[in-house]
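Position in the sequence shown counted from 1, then plus 92, gives you my numbering. See structure below.
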Amino acid sequence: MKISQILPNFTQRGIQQLVINDRKLGCIEQAMENLNSHAKTWNIVTISKIKGPLSAEIIRQALDIIQHRHPRLNSRIVRLRNVLYFQTEGTAKIPLRIVRKVLPEQWQEVVKEEMNQSIDSNKYLMRAVLVHIHSNRHENYLITTGHHAVGDGLSSMRLHSENLTYCQKIASGNPINLVPNLPVLPPVEEILPTWTKKLTGKISTTIFLLQLGLKKIWHQPQTLGFEKYVPIAQRSCDIIHSQLDPDLTQKLINCCRQENTTVNSALCAVMMFVAANNIAKKKGKDIRLNCLSYLDLRRHLESKISDEQMTVLASSTMEFYTIRKNTSFWELAREVKQNFEANIQGGDMFKMILVAKHLINFSLTYPKQVAATVSVSNAGRVNIPHIYGKFELEEISFLGSHALYAGMFITHASTFRGKMLLNFVLSEPSISRQNMEDIVNQFISYIYHICNLNVEPKLTHI
């Protein structure tokens, strides 16, 4: 089935729709384009491991359909009179590259390439790579790189599911009915709660930004720091992929339930313990840290926005902690959970979206400053099908290309088919891959001891 059989010819109404889809970028969208163009960073890379006879022709047709369906994927970013706009006219097709690799783990090489290449946003806002594995002709990896102004981790993984749904129909020869366009979303600032737009909300947000700065000055959190410092333009990303098998994943979930905390809070606590242990090798005293943890705004908005709608609806919270030799791991995890819940109750995740542009500009202006000690982005259980006719989705995960974030310990987690997949991102040369691999091994070891031996991690260098 050809794409011309699926997509209708544009009528006058269709042309009018294109104009309606065009709009000025919001503040957070502008910040993401600034990062893409100046620091080749913060784009969302999504990886699917797919079993089945997936061909370039099938993927090409499916990509054309989803680009037609999602208004922002059918857009590009243009600058008119020094203002950035989404524009539909002139948008190129989502580029598709075909790569052949000998070994399955070589998909990580392709991801590294994608992480270190900015998106040509005046042409398109997403690109794709289909990786075929020579050793198993029915093993494939679909890797997409999406502009963070038009998507986040959750919507990008849902997009992969949607893409496979169309691949299934195309491969089976079933007719595809007229594909409707999804609604066009306004800038995220416009769909936040009403109180954020009032004068009191703007004052509250300004105070929040000042308090965040004062907390950082007061606590002076320690970080992994720089093994070697280079300017932002010379930094590059790399990925270290790890997994928790279904048994260990379930044990971690069970332990968190027993200890009255969440998996996300436990991941934050493990990250901080590992970071503190490595910092303590040099410091040998109590370690002050800060933790950046991301969350999905869809669950907290008055307006209902589905997971499949492409936009940036990920926000974050930042909290400060001190780890001492006698600090209890589970007490720290519960403290993270309590702070996380308090931040949600106080609306801090909305304020964080509104101040994000200022925080990003600060990082670009002061590249020797490290934003946080650790960063955790946990999508949780990815609730999408794994069977699509002839195709089986075996694994799916995501990451952000955080070249800007040097000196940090960063992970992106997702749980699919009972298995947790973890993508650790490092900014080189602030830390070497060898040292980060050692830190990741410590992370996995901590989780194993917590879940299998019921042993709480302790700092060994204080």
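Backbone N, C-alpha and C fix where the C-beta goes; we use that ideal spot for every residue, glycine too.
Cα-Cα separation between residue i and residue j, rounded to whole angstroms
i: alanine 464; j: glutamine 401; result: 30 Å
i: isoleucine 479; j: arginine 391; result: 27 Å
i: valine 276; j: serine 253; result: 20 Å
i: arginine 250; j: asparagine 418; result: 42 Å
i: glutamine 472; j: glutamate 484; result: For clarity, residue 472 is glycine in the given sequence; the question names glutamine instead. Rounded to whole angstroms, glycine 472 to glutamate 484 spans 20 Å at the Cα level.
i: serine 210; j: methionine 124; result: 11 Å
i: arginine 426; j: methionine 363; result: 14 Å
i: glutamate 433; j: glycine 305; result: 21 Å
i: isoleucine 523; j: valine 532; result: 13 Å
i: tyrosine 233; j: serine 357; result: 30 Å
i: glutamine 437; j: glutamine 159; result: 37 Å
i: valine 242; j: asparagine 546; result: 43 Å
i: arginine 115; j: tyrosine 177; result: 6 Å
i: leucine 359; j: asparagine 208; result: 26 Å
i: serine 247; j: asparagine 475; result: 12 Å
i: lysine 204; j: isoleucine 331; result: 7 Å
i: proline 278; j: lysine 215; result: 21 Å
i: lysine 143; j: glycine 481; result: 11 Å
i: methionine 93; j: leucine 146; result: Because the pLDDT at methionine 93 is just 48, under 50, the model does not fix this residue reliably, and the point stays unresolved.
i: valine 271; j: arginine 161; result: 6 Å
i: leucine 514; j: serine 467; result: 13 Å
i: leucine 155; j: leucine 117; result: 24 Å
i: proline 43; j: lysine 141; result: For residue 43 there is no data in the structure shown, the boundaries of the chain being 93 and 554.
i: proline 338; j: asparagine 346; result: 12 Å
i: asparagine 101; j: glutamate 181; result: Because the pLDDT of asparagine 101 is 40, which lies under 50, any placement of that residue in the model is unreliable, and the question is left without a value.
i: arginine 168; j: asparagine 273; result: 17 Å
i: leucine 195; j: asparagine 228; result: 9 Å
i: serine 395; j: isoleucine 283; result: 7 Å
i: glutamate 486; j: leucine 172; result: 44 Å
i: glutamate 570; j: glutamine 461; result: Given that the chain is displayed from residue 93 to residue 554, the structure contains no residue 570 and the question cannot be resolved.
i: serine 126; j: cysteine 119; result: Checking the sequence, you will find asparagine at residue 126 rather than serine. Rounded to the nearest angstrom, the two C-alpha atoms are 11 Å apart.
i: glutamine 430; j: glutamate 201; result: 39 Å
i: glutamine 109; j: methionine 500; result: Residue placement at glutamine 109 cannot be trusted, given a pLDDT of 46 that sits under 50; what the coordinates show is reported in the next sentence. Distance between the alpha carbons of glutamine 109 and methionine 500 is about 43 Å.
i: glutamate 206; j: alanine 184; result: 19 Å
Residue range of the unbroken beta strand (DSSP E) whose run includes residue i
i: leucine 234; result: 231–238
i: glutamate 563; result: This structure cannot speak to residue 563, because the chain is shown only from 93 to 554.
i: isoleucine 539; result: From DSSP, isoleucine 539 is part of no beta strand (DSSP E) but of the alpha helix (DSSP H) over 525–544.
i: glutamate 484; result: 483–492
i: threonine 138; result: 136–143
Run of the alpha helix (DSSP H) containing residue i, from where it starts to where it stops
i: isoleucine 295; result: 291–311
i: arginine 171; result: Here arginine 171 belongs to no alpha helix (DSSP H); instead the beta strand (DSSP E) covers 168–172.
i: alanine 555; result: No information on residue 555 is available, as it lies outside the stretch 93 to 554 that the chain covers here.
i: glutamate 254; result: 245–264
i: lysine 443; result: 440–457
i: leucine 405; result: Segment: none, leucine 405 is in no alpha helix (DSSP H) and carries neither H nor E.
i: isoleucine 345; result: 338–350
i: asparagine 626; result: Nothing about residue 626 can be reported from this structure: the residues present for the chain run from 93 to 554 only.
i: leucine 127; result: 119–131
Residues sharing a beta bridge with residue i, DSSP
i: phenylalanine 501; result: Val466
i: serine 384; result: According to the sequence shown, residue 384 is leucine rather than serine. According to DSSP, which records beta bridges pairwise, leucine 384 is partnered with Met410 and Ser467.
i: isoleucine 332; result: Phe516
i: arginine 152; result: Per DSSP, none; premise fails for arginine 152.
i: isoleucine 479; result: Glu484
i: lysine 511; result: Phe508
i: arginine 473; result: Thr507
i: arginine 115; result: Phe178
i: isoleucine 379; result: Ile415
is_contact[residue i, chain B] using C-beta, thresh 8 Å
i: glutamate 281; result: This model lacks chain B altogether, as it is built from one protein chain only.
Could you check whether the stretch 375–384 touches the stretch 302–319, counting it as contact only if at least three pairs of C-beta atoms, one from each stretch, sit closer than 8 Å? Touching, per the Cβ criterion.
Pick out the complete alpha helix (DSSP H) segments inside the stretch 155–226, 4 residues or longer, and give them in chain order. DSSP runs (the alpha helix (DSSP H)) wholly in the stretch 155–226: 199–207.
Examine the Cβ distances between the stretch 280–297 and the stretch 436–452 and report whether three or more of them are shorter than 8 Å. Counting Cβ pairs under 8 Å, three or more are found: they touch.
Taking three-plus beta-carbon pairs below 8 Å as touching, is the stretch 347–359 in contact with the stretch 402–417? Segment contact: the stretch 347–359 against the stretch 402–417, fewer than three CB-CB distances shorter than 8 Å; contact not assigned.
Count the C-beta pairs between the stretch 228–247 and the stretch 133–141 that are closer than 8 Å, then say yes if the count reaches three, no if not. Judged by Cβ distances under 8 Å, the stretch 228–247 makes contact with the stretch 133–141, as three or more pairs qualify.
Is it true that the stretch 255–263 meets the stretch 502–518, where meeting means three or more beta-carbon pairs spaced less than 8 Å apart? Pairwise C-beta distances place the stretch 255–263 out of contact with the stretch 502–518, as fewer than three of them are shorter than 8 Å.
Any chance the stretch 216–233 sits against the stretch 181–199, with 3 or more Cβ pairs inside 8 Å? Flag = yes, the stretch 216–233 and the stretch 181–199 touch.
Closer than 8 Å is the cut-off here; do at least three beta carbon pairs connect the stretch 485–496 with the stretch 292–306? The stretch 485–496 vs the stretch 292–306: no contact.
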